[in-house]
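Each residue of the sequence shown is one higher than the one before, starting from -12 at the first, in the numbering used here. Using N, Cα and C, we set each Cβ at its ideal position, and we do this for glycine too. Here is the structure we will look at, set down as structure tokens.
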Amino acid sequence: MLGVASRCGGAWSRVGKNACTSQTSGFRSNVRSVSRTPQLFPQAKPLGLGSFSGALRPAGRGGRIDAFPFDLAWAPSVDAESIAPQLFAFSIVPYSGFLYYLTKSKSAPPVALFGFYFLLVFVAVSIPAGIYAKVHYGQSLANVDWLHGGAEAFLTITNLLIVIGMRQGIRQAENEKAELKVVSAEEAKEAAAVEE
-12 MLGVASRCGG AWSRVGKNAC TSQTSGFRSN VRSVSRTPQL FPQAKPLGLG SFSGALRPAG
48 RGGRIDAFPF DLAWAPSVDA ESIAPQLFAF SIVPYSGFLY YLTKSKSAPP VALFGFYFLL
108 VFVAVSIPAG IYAKVHYGQS LANVDWLHGG AEAFLTITNL LIVIGMRQGI RQAENEKAEL
168 KVVSAEEAKE AAAVEE
């Protein structure tokens, strides 16, 4: 049975075995015929992603019509709260590679490079803060405002250092380009004077 919302008796309700009739513009229609449609996913569960509730999937017990069972396709027993810490810890590996090659290339402005390294301070502060929030409050770090704000302050410092460093790098590149133009203009004048 596909779940269909119908207005019955002045209130919206789900249509199930005891389907009511709806009256629209003087026409009387029985919605029981809709309930005879076969289910595509009889064991469908509500989406575990909360933020993507617009997906359609055939209704299970909830009575919604949903078509894309994302949570069932990937891992029905894994939720975001259980996998986030592992992804957070694993992200250090590619970030370390990024820092290695950025340092090796010597192309980043020094303050910006320090800002990228300072992100590791944010990580080092966030891990114990998250553990403290879980042990003392029974909540994730995001739900304990004073701890979360303190940890995010280090991320703000990181972003400021990167922006200031990149701005210094841009100004330095602009100055070098302006100096190069002045030098090439002087060389052109000297070459013209030699030819005369």
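Residue nearest to G117 within the set L128, L107, V150 is L128 (criterion: CA-CA distance). Put simply, the backbone Cα of I70 is about 15 Å away from that of I79. With a cutoff of 9 Å on beta-carbon distance, P96 and M153 are scored as near each other. Under the 8 Å Cβ criterion, the segment 109 to 116 does not count as touching the segment 161 to 176, having fewer than three qualifying pairs. With a beta-carbon spacing of about 6 Å, L148 and F101 fall inside the 8 Å limit used to define contacts.
Distance from I144 to F103 at the Cβ level is roughly 12 Å; contact not present, criterion being Cβ atoms closer than 8 Å. About 6 Å separates the Cβ atoms of V108 and F141, confirming a contact at the 8 Å cut-off. Taking all protein chains shown into account, V131 has 16 or more neighbouring C-beta atoms within 10 Å of its C-beta and is therefore buried. For P96, there is no enclosing alpha helix (DSSP H), since its DSSP letter is neither H nor E.
Under the criterion of beta carbons closer than 8 Å, A99 and G156 qualify as touching, at roughly 6 Å. Taking V110 as reference, the option from E139, A120, A180, S92 with the minimal CA-CA separation is E139.
Shown here, D132 sits in a helix according to DSSP, grouped into three states. C-alpha of E166 to C-alpha of A120: approximately 54 Å in a straight line. The beta carbon of Y124 is closer than 8 Å to those of N130, V131 in its chain, skipping five residues each way along the sequence. Assigned with DSSP and collapsed to three states, Q126 falls in coil, not helix or strand. In the structure shown, S83 falls within a helical segment according to DSSP collapsed to helix, strand and coil.
When the Cα atoms are used, Y82 and F75 turn out to be separated by approximately 11 Å.
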